[in-house]
Ligand SMILES: Cc1cc2nc3c(=O)[nH]c(=O)nc-3n(C[C@H](O)[C@H](O)[C@H](O)COP(=O)(O)OP(=O)(O)OC[C@H]3O[C@@H](n4cnc5c(N)ncnc54)[C@H](O)[C@@H]3O)c2cc1C
């Protein structure tokens with residue numbers, strides 16, 4: 280009989296690890312609090328399609344995903360907009376979240392693992408300073424390893440012995456409070472730019488966050504209002520009324536609405552303990568600018584399964600190698616982005632309006648961020664570079680602020696990548712403190 284592994288929650292990272300381990304002969308059980316068919320969100324989100332192949336998985340059934348729609352970015356004052364250049368067909372896809380969860384569950388079952396629905400885990404069994412299993416309403420069950428894939432608000436991190444240094448909650452600026460709602464389409468109306476379905480308002484109404492208004496079906500409009508730190512009902516009402524003024528497609532009839540929280544920060548400093556490891560949002564593994572966490576948690580799930588297959592004991596010291604790989608391959612880059620995000624959140628919205636409308640970024644420049652590798656990358660002509668330098672010299676406070684922020688971001692990345700090589704709690708405590716301090720080096724300080 281293989282080693283016994285419990286996964287709490289059907290987060291994508293936990294499921295990638297669970298499927299891979301079940302295929303390798305481990306005795307894997309996933310505990311999910313939602314009922315079958317209701318796991319995750321009743322909407323679509325965007326990811327790259329190649330993530331499945333990278334995680335040794337087949338593509339999900341075709342009715343679970345479709346081509347990602349086109350996006351337009353709008354400045355805070357609503358006056359300027361820039362279209363995001365399209366990638367080759369099906370490079371990025373919109374995936375139906377509940378369909379994705381069902382695909383993971385059936386892959387797990389095919390591999391010999393067990394998926395238990397409507398079975399919330401109530402607590403960890405912790406004995407002799409190590410995690411020994413889990414408790415549900417049905418009783419206790421012992422496991423060799425518990426993988427926590429229960430999301431950003433996992434209560435399990437706080438149940439670990441404090442000596443493991445696992446962060447209990449994200450900082451205040453690390454959470455985007457969201458309102459996601461679906462409205463009807465206003466009769467005879469179209470999106471802000473007729474052939475672009477999705478419109479993202481950056482620092483909408485000058486507030487710290489984003490709003491979007493997307494035509495996702497013939498007569499269905501998907502709205503997200505996301506604000507860092509908090510989001511009041513009044514802010515939601517103001518944002519919707521402004522979205523309606525700027526996006527004629529947004530109808531009056533509310534079909535359904537949900538309040539959600541999105542993790543918006545780089546990884547926790549420590550996410551392993553004896554008999555325990557967190558993956559996905561429970562370890563804050565999202566891309567800090569947009570809160571996208573499906574791909575990064577799937578990649579982390581694969582790294583975790585690879586490590587588990589190499590070891591016999593599931594001590595924090597053995598699992599540390601997984602954390603190190605995650606930080607070096609993904610986490611350090613996200614630390615860089617997190618610092619930029621915290622700076623941008625505090626930036627005067629007028630400066631962002633200027634970046635959009637002042638000629639610094641032109642439509643042709645956006646082709647540079649395309650990941651299309653099929654042709655030669657376009658180059659910025661020397662004349663255009665000179666123009667940009669002159670424009671930046673005319674805005675010294677923005678230029679100096681951006682340079683200062685880039686230096687701090689590079690420092691955070693360097694610290695993240697210099698994670699201690701060996702599991703030495705004294706060294707880890709020192710490093711984790713420096714890492715968190717580097718992340719919080721820009722922007723308003725908030726603690727939860
Ligand atoms: C509005 C919104 C838009 C987003 N858009 C994107 C996007 O476009 N692209 C992208 O990549 N990411 C996006 N994300 C982020 C993405 O959802 C997460 O980063 C990603 O799903 C990883 O989270 P997770 O699976 O680890 O945790 P979660 O999604 O929180 O899943 C945790 C699971 O654990 C279960 N669970 C919780 N507690 C228990 C318990 N005690 N016992 C048993 N089960 C439990 C939950 O029911 C749930 O199924 C978005 C998130 C939101 C909210």
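Numbering (our numbering), first residue to last: 280 to 727. All C-beta atoms, glycine included, are put in the ideal place defined by N, C-alpha and C.
Going straight from the alpha carbon of residue i to that of residue j, what length do you get?
i           : j           : result
residue 285 : residue 424 : 6 angstroms
residue 464 : residue 521 : 16 angstroms
residue 697 : residue 604 : 11 angstroms
residue 334 : residue 292 : 10 angstroms
residue 516 : residue 462 : 14 angstroms
residue 728 : residue 405 : Nothing in the structure corresponds to residue 728, since the chain is present only between 280 and 727.
residue 311 : residue 444 : 26 angstroms
residue 619 : residue 630 : 15 angstroms
residue 601 : residue 543 : 22 angstroms
residue 677 : residue 525 : 28 angstroms
residue 537 : residue 321 : 10 angstroms
residue 599 : residue 492 : 42 angstroms
residue 402 : residue 435 : 7 angstroms
residue 571 : residue 396 : 25 angstroms
residue 374 : residue 705 : 43 angstroms
residue 546 : residue 439 : 18 angstroms
residue 650 : residue 625 : Annotation note: pLDDT 41 at residue 650 (below 50); position unreliable, coordinate value reported separately. Those two C-alpha atoms are separated by around 29 angstroms.
residue 711 : residue 686 : 20 angstroms
residue 508 : residue 301 : 39 angstroms
residue 675 : residue 485 : 21 angstroms
residue 296 : residue 490 : 33 angstroms
residue 653 : residue 367 : Only weak support is given to the placement of residue 653: the predicted model assigns it a pLDDT of 45, under 50, and the value that follows is read from those uncertain coordinates. Cα to Cα, residue 653 sits roughly 9 angstroms from residue 367.
residue 716 : residue 487 : 21 angstroms
residue 707 : residue 549 : 8 angstroms
residue 421 : residue 282 : 11 angstroms
residue 323 : residue 702 : 39 angstroms
residue 683 : residue 433 : 35 angstroms
residue 518 : residue 358 : 16 angstroms
residue 400 : residue 376 : 22 angstroms
residue 511 : residue 450 : 19 angstroms
residue 535 : residue 460 : 6 angstroms
residue 709 : residue 419 : 36 angstroms
residue 431 : residue 498 : 33 angstroms
residue 308 : residue 448 : 26 angstroms
Taking the CB atoms as reference points, tell me whether residue i and residue j lie closer together than 8 angstroms.
i           : j           : result
residue 580 : residue 294 : yes
residue 494 : residue 528 : yes
residue 298 : residue 413 : no
residue 566 : residue 613 : yes
residue 290 : residue 559 : yes
residue 457 : residue 504 : yes
residue 575 : residue 609 : yes
residue 371 : residue 327 : yes
residue 611 : residue 695 : yes
residue 478 : residue 363 : no
residue 455 : residue 506 : yes
residue 632 : residue 356 : yes
residue 342 : residue 378 : yes
residue 577 : residue 330 : yes
residue 467 : residue 500 : no
residue 628 : residue 482 : yes
Determine which residues share a DSSP beta bridge with residue i and list them.
i           : result
residue 350 : 477
residue 728 : There is no way to answer for residue 728, as the model of the chain reaches only from 280 to 727.
residue 461 : 501, 535
residue 345 : 373
residue 285 : 308, 425
residue 415 : 400, 418
residue 571 : 566
residue 618 : The partner list for residue 618 (beta bridge, DSSP) is empty, contrary to what the question assumes.
residue 410 : 405
residue 456 : 506, 540
residue 555 : 425, 552
residue 360 : 353
residue 488 : 506
residue 493 : 477, 501
When the Cβ atoms of the region 374–393 are set against those of the region 402–420, are three or more pairs found closer than 8 angstroms?
-> With a cut-off of 8 angstroms, the region 402–420 and the region 374–393 do not count as touching, because too few Cβ pairs lie within range.
For the region 627–641 against the region 589–604, are there 3 or more C-beta pairs whose distance is under 8 angstroms?
-> no
Can at least three beta-carbon pairs, one atom from the region 419–435 and one from the region 470–482, be found at a separation below 8 angstroms?
-> no
Are there three or more Cβ pairs, one per stretch, closer than 8 angstroms when the region 707–721 is compared with the region 607–623?
-> yes
Would you call the region 301–321 and the region 338–349 in contact, with 3 or more CB pairs under 8 angstroms?
-> no
Just checking, does the region 575–591 make contact with the region 685–695 on the three C-beta pairs under 8 angstroms criterion?
-> No, they do not touch.
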